[in-house]
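Asker:
Numbering (our numbering), first residue to last: 49 to 200.
1) Looking at the secondary structure, which residues open and close the alpha helix (DSSP H) in which residue 153 lies?
2) If the criterion is Cβ atoms closer than 8 Å, does the pair residue 87 and residue 103 meet it?
3) From the DSSP output, which residues share a beta bridge with residue 111?
4) Based on the DSSP secondary-structure assignment, which residues constitute the bridge partners of residue 189?
5) Around the Cβ of residue 62, are there at least 16 other Cβ atoms within 10 angstroms (buried) or fewer (exposed)?
6) So, with DSSP's three-state summary, where would you put residue 138?
7) In whole angstroms, what is the alpha-carbon distance linking residue 98 and residue 112?
8) For a test of the three-state rule: what should DSSP assign to residue 122, helix, strand or coil?
9) Can we say the segment 167–178 touches the segment 70–90, given the rule of at least three CB pairs closer than 8 Å?
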């Protein structure tokens, strides 16, 4: 016999916490994402393509084509279009096709170079944000990061 988990109870405190977290994340993105988005555009990428590149880079191994969507948090059709565009620009290669069985994707050297550039820009944006905080704000950010790292 299968037991169903009880339905999630969303208290007003949970809703308020979710709303507050959303506001904090929105403010953080607005203050730190501009350089990152500009670099994505400079490389001629869409946000979806950048997402696919970064998810392939994080895998450290070839990824089966059918797994790309789940890894990047995208719908399969959206991921497939992004992969096709990245392949056309020689940023992604199907390494299994070299051995006669298509389906395993990895980044090319140029694709990895772009991901490194995007990561560098993102870190620089965040570092600039942190450097602009007063000591109290910085301690709050440090505490929040510490708490989230322990929970996630």
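Beta carbons: idealized from backbone N, C-alpha and C, even for Gly.
Answerer: Reading from the atomic positions:
1) Residue 153 sits at position 105 when you count from the first residue of the chain shown. Under the DSSP assignment, residue 153 falls outside any alpha helix (DSSP H), being part of the beta strand (DSSP E) whose first and last residues are 152–155.
2) As a position in the chain shown, residue 87 is number 39, starting the count at 1. As a position in the chain shown, residue 103 is number 55, starting the count at 1. Note that the C-beta distance between residue 87 and residue 103 is not below 8 Å.
3) In the chain shown, the residue the question calls residue 111 occupies position 63. In the DSSP assignment, the residues bridged to residue 111 are 153.
4) Within the chain shown, the letter at position 141 stands for residue 189. Residue pairing for residue 189: DSSP places it in no beta bridge.
5) By 1-based counting over the chain shown, the position of residue 62 is 14. By the Cβ neighbour-count rule, residue 62 is exposed, with fewer than 16 other Cβ atoms within 10 Å of its own.
6) On the chain shown, residue 138 is found 90 positions in, with the first residue counted as 1. Residue 138: coil per DSSP, three-state reduction.
7) As a first step, residue 98 must be located in the chain shown, where it is residue number 50. As a first step, residue 112 must be located in the chain shown, where it is residue number 64. In a straight line, the C-alpha of residue 98 is about 18 Å away from that of residue 112.
8) Mapped onto the chain shown, residue 122 falls at position 74. Judged by DSSP in its simplified three-state form, residue 122 adopts coil rather than helix or strand.
9) The segment 167–178 is in contact with the segment 70–90.
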